[in-house]
Each structure stands twice: as C-alpha cells, then as structure tokens.
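Structure first, commentary second.
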Amino acid sequence: MPPLSQTPGPALHTADGQLFRHGQPHRLLGGAIHYFRVHPSQWADRLARLAAMGANTLDTYIAWNFHQPTRSAADFSGWRDLPRFIELAAEQGLDVLVRPGPYICAEWDNGGFPAWLSGTPGIQLRSRQDQYQRAVEHWFDRLLPLLTPLQASNGGPIVAFQAENEYGSFGDDAEYMRWTRQALLERGVTELIFSADGANDFYLDGGAIPELLATGTLGSRGAEAIETWKRRRPGEHFIAAEFWNGWFDHWGEEHHHRSASEATAEAAEILDGGGSVCLYIAHGGTNFGLNAGANFDRVLQPTVTSYDSDAPIAEDGALTEKFHAMRELFGRFAGQELPELSPELLAPNQVLPAGELPVIAGAALPELLRELPLTSSSPAPLSFEQLDCAQGLVLYRAEPILPAGKFTLRISGLHDRAYVWLDGIPMGCLAGTEHEPLELEGRGEAAVLEVLVENQGRINYGHLLGQGKGLSGVLINQRLTSGWQHATLPLAEWDEAQLEALHHSGTPREPEGPGFSRAELELDEPRDSHLELPGFGKGFLWVNGFLLGRYWQLGPQKSLYLPAGLLRSGLNVFTVLELEHSGSQLRLLEQPELG
C-alpha cells in the first residue's frame, strides 16, 4: 500500500457507498492487536504477522486504566509507550485506527475505565454529567497530544479515530455522542471520526449520529448488515469495524472455537458485498496481571487470562489455519499480489523444553493474613474503592460474639468471591450476591472472623459497568456484624523483593494447603513457554516479580502463556499464591492447553 503523505484533509472518506484513501478507491482490510495485551518485545513481530496476513490496517483500543490506574499522572513509558506501538505499525506499512473510548469494553477490566473514576461517589459513566466529562477531558488532554502528530495529515499512520464504543448497546443519548466527537475535534483530531455499533436498527438507533461515519460490529449476516446500511446510512461505505472471527472464554465455560472456513466465508460475504473488514481479533494476546474483565448474566462471568480468542495469530504468535485462510481472502482484495511468507514467520516458535519444576512451600495463607498490617477501621466494611484497591484481594477482619451452637453466616453485597476463617480455621467459600449461607457452630463467645474477598475482574459490558467490589455486610443469624478492620493485597503492585518477603512471612503451609509456593529455573537463553499448575486450585502466578495472571482449575484454560520477554538469562523465580489447595510442581509445556 502506498505510504501516506502529509495532506490537509482526512486520509479516508466515503462517498457513493465507496471508501477512498487520499482520493483513490480503497478497501480497508484490517485486524485488531492491543498493545496492552502483547509484551512490548513482541510488538514488532506481531505487527509483521498482521501485515503478512495481507492486512493494510491496524486497529487498537486505548485502555485508560492501563495508563492511569491511580489518580496520579498518566504513564506512557515502557509497555505503555503507545506512540512507539503506532510507529512500529507504520514501519510495516499499516494504516492505524485508534479507539480511545473513553469506554472500550474489550473484555478488559472495567471496560477500560479506571477504578478510581468508577468508584467516585455519584459518577455517571458514559453520560453528559459534568463530573464525568471533566474527567474524560482531562484524560484526552493528556492522550491526544501524543496521537495527533501521528495523524495522516501530519504524515503519520493514523487515518481514523473511533468515538466511544458500541454506545447503542448502552444508551441512546445522541448529544453524548456529539460531545465525544467534539472532544476529539477540539484536541486536534483532523482524520475521519467514526462510531461502532451492533449491525442492526436497534443499535444504530441508540449509537449512530449523522456527524459520524457509522460502522458495524458483527460476526455473521454481513449481507443483511450491508442492506441495513444502504437503507439507514445511504452513501456511506460499510465497514465491519469488528468482524468477530473468534470469541473469548469465561472461567467455567467451554473453550470457543470457530472454524477457519466459517469465519472466512462470513468475512467474504462482507467483502464480496463491497464492504470493508477489520478482524476482531487478529491477535488477541494475554490479559496479563488482573486485567481480564467480566460479563454478567444472572451470575458473574469472569474472563480467563488468555485472550487467544481463536484468532488467526495465536496467543503465542503461531500462524493458524485461520491466518492462512484470511490471508487468501485478503489477497483477493488487496489490489496487488501478496509476497511469499518469510521463512522466519513460517518457522515454529522457539520454546523451552517441556519439564517439571518442584515447588518449595512458603507461608500458609492464614499465617500470611495474620501478619498483614490492618490499614483502616470502620463500623461497616469498606469497599475496594473506598480502600483505593483497584484490583486484587481485601482482607476484612472483625471479632463478633458468636452464638452458642449452630448459626448461619451470610455475606451481603459480595463482589466477587470470599474465603471465610474463624479463629484461623477455614470455614468455606462463598461467591456472588446469591449464595447459600455457611452453616457454622459457635461457643457463645467472641471469635476472630476473617473474610478474604477476591475481585475476579470488573464488569466490562452493560449497565453494571463500574460496579464496585468488596462486601456490604456479614450477617450472623441475620444480625449485622460491625467493627471492621481491613488490609489490602494489591497483588499486581508487589515486586520481586516483596514476594520473597511474603513467601517467608510465616509458618510454611501444609503440603496441599493454601499459601505461597516458589519454584526456580536456570536458563542460558530465555524462550517462550506455557505454564501449567497441576494440583493447584485457584490463585495467582508471578514470574520474576511480574504478575502473569490468574489460574483456576475450573478451566477451560489450563496453561498460562509465558513470553520470553519476562524471563532472563540466569535464575528465574516463579511465585504462586494459592487460595484453595496447592500442588507440588509447575509444569512447562511446549503447547498451550486452552481447553
């Protein structure tokens, strides 16, 4: 594709149902890759694979909470160097669509909103409320000066910006959409601005406005969507801003798979109908740390750590059958013959040999909790947001007088999962707002009640977006317990030294008990791997002080992808915090086990 030259007007525009790039007929053949889900050492490689698939355009969301997890200044360094990611795309000859939200969904924690924002009392997300709009404007004031110099009008690769994201699935305030567009324009955006909504009348009624090019999000029935656009948006070129060629997984559900033939046939229906396609997702990557979001359908549906999503480019970079099928399809519409794939791209991924790493038992979980400093006291339990704990765990401690004999314990307003101890003895686990009470027995005297609450990921879609975490009360035989102390466990903030100290902070756990474990691996040369935790139940895994993510025997995901960029020559340390029951080893796999 010819490079963009510095021009005064938008690089892309539509007329008579066609898309034009600098005045020449154009077909957008794109794919999404999210910089926040790919280790920066792999950015160039994954972008090269996208270009090799025949794509001419990169699409990426921008996750506000990835850059500004606290109220302090936004961070655009290192892994968060968004301009660098965009420049690497340009080096591959790719145009770039940026999707700054501020809401992004993306199966990402809180839909990209920082927890400090959604936890602000009275905040109304995705609205014309002054308090919300001031926060967004402050964020855009920091973000957009980094992006506008990279616009095509300045000789850069950015050819379009998306305003909001699938707003028609959430609300119908056209003035809010106009405000979002204006917020971009006032900060120097000169390229095409578009909206993206579900590809039918209902969603267009809520989210599409005349001032923005309307694009669709869909995975099938492309010809029907094109006809809807001809009727609803005459003269506009139909772009599938998200063509769902695969799907993500929730814990406790089946692993999703969509055949290459089916996905390609559905995409071809759009392209043969004269439209454009952007694959969601071309390369999914990983929900590192605690950044996986959640859905809600009667119960919480937390998303797994892997975001492989059955994409053409697998989580570990492998070129799948779907990659080759999409490459063949894109080649039909590229306007020129695609070059042969290089031997480097076709070569199998270099991985560590399979093996087993014995673990050393560390501090038992009850011992660890007993040693935590209690940072705040309150008559009623405080939420994660009130404690400035965006992710991780919170320990709640009280000393109620228990009745003599049998009693029930129930937790109200539980988000999301709680482990309960009395006088250091585990009593059970409760999950969600609707659960059966624990049937316990007291001695008619005070006891130390400890409740460890896990935030399993903030909801990223729908009207529970921004929902808080923690608990609102603990009821003993319907009597509310008061006098609470709290300790936060911000797991993603712990570094290697802190993890080592915590590992040794108390009596070692029983062989199968909950608590810390540690394993070591000496390497001459770092390579990718996949880590499995046989015998472990539910918890968190760090590599050299970096929180790789959650694991859970519930599945479907059984192994965690470990990019070589997180390893080092010499000694590598793996730390596990297990909440339920521990195994005796970590297992290195040469292939992923995603279900």
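Numbers in this note's numbering are just positions in the sequence shown, counted from 1, shifted up by 765.
Cβ atoms here follow ideal geometry from the backbone N, Cα and C, with glycine treated the same way.
One Cα belongs to residue 1079, the other to residue 1087, and the distance between them is close to 10 Å.
Taking a 10 Å sphere around the C-beta of residue 1004, we find 16 or more other C-beta atoms and assign the residue as buried. In this structure, residue 819 sits away from residue 1013, with a CB-CB distance that is not shorter than 8 Å.
Listed in chain order, the non-local C-beta contacts of residue 1357 below 6 Å within the same chain comprise 1295, 1324, local neighbours out to five positions each way being set aside.
Shown here, residue 1023 sits in coil according to DSSP, grouped into three states, outside any helix or strand. Rounded to the nearest angstrom, the gap between the Cα atoms of residue 1333 and residue 1136 is 32 Å. Non-local beta-carbon contacts of residue 1168 in its own chain, meaning distances under 7 Å to residues more than five positions away in sequence, involve 1207, 1209, 1242 in chain order.
Looking at the backbone, the Cα of residue 809 and that of residue 846 are separated by about 13 Å. Residue state for residue 873 is assigned as strand, using DSSP reduced to three classes. Distance from the CA atom of residue 1231 to the CA atom of residue 1112, rounded to whole angstroms, is 44 Å. In this structure, residue 1133 sits near residue 1270, with a CB-CB distance shorter than 8 Å.
Residue 988 sits away from residue 953, with the two beta carbons spaced by 8 Å or more. In the DSSP annotation of this structure, residue 818 is not part of any alpha helix (DSSP H), being labelled neither H nor E. In chain order, 1253, 1255 place their CB closer than 7 Å to the CB of residue 1154, counting only its own chain and leaving out the 5 sequence neighbours on each side. Following the DSSP letters along the chain, one finds residue 1285 inside the beta strand (DSSP E) bounded by residues 1280-1288.
According to the DSSP secondary-structure assignment, residue 1305 is paired through a beta bridge with 1315, 1342.
In this structure, residue 1060 lies away from residue 941, with their beta-carbon atoms at least 8 Å apart. In the structure shown, the three-state DSSP call for residue 808 is helix. Excluding sequence positions up to five before and after residue 1162, its CB lies within less than 6 Å of the CB of 1215, 1250, all in the same chain and listed in chain order.
Pairing residue 856 with residue 801, the inter-Cα distance amounts to about 19 Å. In this structure, the alpha-carbon of residue 968 lies about 18 Å from that of residue 1002. In this structure, DSSP gives residue 1268 a helical state, which the three-state scheme calls helix. According to the DSSP assignment, residue 801 belongs to no alpha helix (DSSP H), since it is labelled neither H nor E. The three-state secondary structure of residue 1088, taken from DSSP, is helix. Counting C-beta pairs closer than 8 Å gives three or more between the region 1272-1288 and the region 1326-1343, which meets the contact rule.
When the beta-carbon positions are compared, residue 899 and residue 1121 stay at least 8 Å from each other. Going by beta carbons, residue 1067 and residue 1221 fall inside the 8 Å limit. Around the beta carbon of residue 1218, a 10 Å sphere encloses 16 or more other beta carbons of the protein chains shown; the residue is thus reported as buried. Contact annotation: residue 1018 and residue 1321 have beta-carbon atoms nearer than 8 Å. Between the region 818-832 and the region 860-879 there are three or more inter-stretch CB-CB distances shorter than 8 Å, so the stretches are counted as touching.
Taking the CA atoms as reference points, residue 837 sits about 42 Å from residue 1023.
Contact between the region 985-1000 and the region 1045-1058 is not established, with fewer than three Cβ pairs separated by less than 8 Å. A residue is called buried once 16 or more other Cβ atoms fall within 10 Å of its Cβ, and residue 980 is buried on that count. The Cβ atoms of residue 1008 and residue 983 lie closer than 8 Å to each other. If only uninterrupted beta strand (DSSP E) runs of at least 3 residues are considered, those enclosed by the region 1023-1063 are 1041-1048, 1059-1062. Less than 8 Å separates the beta-carbon of residue 1304 from that of residue 1343.
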